[in-house]
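Chains as they are written, first to last, in the numbering used here: chain A, 7 to 321; chain B, 7 to 321.
In this text, a Cβ means the ideal position worked out from N, Cα and C, and glycines have one as well.
All values derive from a computational prediction rather than experimental measurement.
Scroll down for the structure; my scribbles are underneath it.
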């Protein structure tokens, strides 16, 4: 499956069943996944950088209400949207992330700005938004992120909570809501790997919870000597497992193939701890892996001189 | 050097030179390092848990104005204190962290509460403080963190900045100021490993920068099958290297000893990227490592049935 260049994307993993997805909605998802792939692939084909490609692919999903990132971000308990994102450049091991930002249209672009313009790896909350303002990134009104679907998900979660003897720290963990990250990984013609991840977090989340998406090594990792990885799923488990870095470490230290390392990270290690989700990965040979332990994962890939492929369900 | 149980601590690494430390101040540091070791060791000796021991040891340093964590935290650009901390339990791989908290006396205790009482790994800012309030942790007045030394460091950094053509994202990176994290790792009599890290961040920091201290795998990691690690230094480099987890990964995947893995993580990998700092580590056999690539690191250890040892300089 080796390839000169290529891109792999995901739009979230979870309990995505054929019966719960109308034909119309499925078609919409497939169309946006294709558009995301096309945006990234076009850059790679023209000889552009992997980092440009993954950000362009993620932007397409961030700008769609279908995915839990950017425009389609889920609501927190208080009715806000708090988003996390990160990027990593496999050539330099430089990386950047933002956590709990409320008014950034494309969090992945701000993560890239943190990488390129600050000395830091991770900025959060209003501090990250102040940083955005310094670099003339417009803050959008909170209204921009309003969608009926996400608002109704929050109302359902709040309603359900009322009937539960629930702890303040408990969240709504219906599988539909919790797996909504988007991400992309790419190998460019120069042989550089890059990864980008962006997430709206969890419906009804509280206490400015930060998930795995902005955490280098957990939700995102790229290293030219091994692979690029972006994860999606129940973030806390990816943080405990350092899943994204772990795929790279197993390749580097145990001489595993990308496929072996990615399978072990999800099917064995994540599953053993009780975590659910998946990852996408590409290595320097253009081999790819897309393992997940949930019924479905919105995903796609396109390798050099080949047709794009998108899929949603398991088989 | 194997031992039935033991504790290792650090109080920060950096340009600590004999000539710049008065005899009186050096004696104060040594006394507090001894007190921190004693607090943790006493718990271990009585058969208490590693997690209790590392938190007790860190609390002693957090409560002292000498270290850049808790009471002695440095000031941000705006004159606040924004602290980061995390803990990890090597038996369960459970972990918790808080980032950018302003009014928590002992951030490491709140990190432990996140681990034990929430479903999350990382909470930030006012959300984390709201979580603290739910669990009846008193918020302290910001005045609590005022110390002349740290305030003067900020004034010096601000003054210096005026004379520099500095970018908004640039920080004061005088070596004295940037390496102030504290941490502890322990092996208890049950064979459980634990790690805790707490940091006041960087003098004059902006934009709610989050360092490596609250990031599992970067500034802190514990796994009963390998080791417990706490790092200190220029946090961004530890985040890019996943230093704490990397020590564990090299032990697990390459069958390295703790000493070999810890040395490679600091002396080779961190140094190659241009990072400065150190780490403390202990493994399940009670072997320990304390590598650093700076002129000094406040540090100490005490192993079962042995005398405590503390040190500051390189020799």
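Close Cβ partners of residue i (< 7 Å) along its chain, the five nearest in sequence each way excluded
i	result
residue 69/B	76 and 77
residue 72/B	34, 35, 38 and 78
residue 128/B	103, 105 and 220
residue 157/B	81
Residue i: contacting residues in chain B (beta-carbon distance under 8 Å)
i	result
residue 235/A	Those within 8 Å of residue 235/A in chain B number zero; the least Cβ separation is about 12 Å.
residue 79/A	Within chain B, no residue comes near residue 79/A; the closest Cβ sits about 16 Å away, beyond 8 Å.
residue 246/A	99, 100, 101, 127 and 222
Cutoff 6 Å; reference residue i; Cβ partners in own chain excluding five residues on either side
i	result
residue 116/A	104, 110 and 138
residue 289/B	233 and 264
residue 79/B	87, 89, 151 and 206
residue 176/B	Low confidence applies to residue 176/B: its pLDDT is 41, below 50, so where it sits in the model is not reliable enough to give any reading.
residue 251/B	223 and 227
residue 14/A	191, 286, 288, 294 and 307
residue 258/A	232
residue 236/B	189, 191, 201, 203, 226 and 286
residue 298/A	19 and 284
residue 218/B	224, 225, 241, 244 and 245
residue 42/A	15, 63, 66 and 67
residue 180/B	Any reading at residue 180/B must be qualified, since the residue scores a pLDDT of 47, below 50, and its modelled position is unreliable; no value is offered.
Environment of residue i [buried if 16+ CB atoms lie within 10 Å]
i	result
residue 323/A	Nothing can be reported for residue 323/A: it is not among the residues displayed for chain A, which extend from 7 to 321.
residue 204/B	buried
residue 28/A	exposed
residue 210/B	buried
residue 94/A	buried
residue 11/A	buried
residue 201/A	buried
residue 85/A	exposed
residue 24/A	exposed
residue 245/B	buried
residue 50/B	buried
residue 92/A	buried
residue 183/B	At residue 183/B the pLDDT is 47, less than 50, meaning the model places this residue with poor confidence and gives no usable figure here.
residue 278/B	exposed
residue 53/A	exposed
residue 311/A	exposed
Within chain A, partners of residue i - CB distance below 9 Å
i	result
residue 73/B	Near residue 73/B there are no residues of chain A at all, since even the closest Cβ is about 22 Å away, more than 9 Å.
residue 13/B	Residues of chain A passing the Cβ test: none, with the nearest at roughly 23 Å.
residue 22/B	What residue 22/B touches in chain A: nothing, since even the nearest Cβ is about 22 Å away.
residue 270/B	Those do not exist, as residue 270/B stays about 11 Å from chain A at its closest Cβ, beyond 9 Å.
Beta-carbon proximity list for residue i, same chain, < 8 Å, skipping 5 on both sides
i	result
residue 256/A	262, 266, 267, 270 and 271
residue 141/B	119 and 123
residue 318/A	22, 27, 32, 35, 36, 302, 303, 304 and 305
residue 174/A	The predicted model places residue 174/A with a pLDDT of 41, which falls under 50 and marks its position as unreliable; any figure quoted below should be read in that light. Correct list, in chain order: 212.
residue 276/B	239, 243, 244, 247, 249, 282, 283 and 299
residue 197/B	230 and 290
residue 314/A	40, 43, 44, 47, 306, 307 and 308
residue 145/B	109, 110, 135, 138 and 139
Within chain A, partners of residue i - CB distance below 8 Å
i	result
residue 285/B	Those do not exist, as residue 285/B stays about 16 Å from chain A at its closest Cβ, beyond 8 Å.
residue 242/B	125, 126 and 127
residue 228/B	None at all; the shortest Cβ gap to chain A is about 11 Å.
Limits of the alpha helix (DSSP H) - the one that residue i falls within
i	result
residue 42/A	29 to 51
residue 56/A	56 to 68
residue 120/A	113 to 123
residue 158/A	154 to 168
residue 134/A	131 to 140
Start and end residues, beta strand (DSSP E) containing residue i
i	result
residue 246/B	From DSSP, residue 246/B is part of no beta strand (DSSP E) but of the alpha helix (DSSP H) over 241 to 247.
residue 261/A	That residue, residue 261/A, is in no beta strand (DSSP E); it is neither H nor E in DSSP.
residue 99/B	Careful: residue 99/B lies outside any beta strand (DSSP E) and carries neither H nor E.
residue 188/A	188 to 193
residue 309/A	302 to 309
residue 299/B	Run containing residue 299/B: none; DSSP gives neither H nor E here.
residue 287/B	283 to 289
residue 203/A	199 to 205
residue 12/B	12 to 20
residue 315/A	315 to 319
residue 150/A	That residue, residue 150/A, is in no beta strand (DSSP E); it is neither H nor E in DSSP.
Partner residues on chain B for residue i, Cβ-Cβ distance less than 7 Å
i	result
residue 221/A	221
residue 260/A	259
Contacts of residue i in chain A (Cβ-Cβ under 7 Å)
i	result
residue 121/B	Per Cβ cutoff of 7 Å: no residues; residue 121/B is ~10 Å from chain A at best.
Check your understanding: Between the region 98 to 132 of chain B and chain A, which residues of the former have CB atoms less than 8 Å from a CB of the latter, in chain order?
Key -> 99, 100, 101, 105, 106, 123, 124, 125, 126, 127, 128, 129, 130, 131 and 132
Practice item. Pull out every residue of the region 272 to 306 of chain A whose Cβ sits closer than 9 Å to any Cβ of chain B, in chain order. Key: Answer in chain order: 279.
Review point. Between the region 129 to 163 of chain B and chain A, which residues of the former have CB atoms less than 8 Å from a CB of the latter, in chain order?
Key: 129, 130, 131, 132, 133, 134, 136, 137 and 140
Point to revise | Selection of the region 191 to 204 of chain B by Cβ proximity to chain A, strictly under 7 Å | key: none
Exercise for review: Scan the region 42 to 57 of chain B for residues whose Cβ lies nearer than 7 Å to a Cβ of chain A and list them as they occur along the chain.
Suggested key: none
Check your understanding: Taking a cut of 7 Å between CB atoms, which residues from the region 306 to 319 of chain B lie near chain A?
Key -> none
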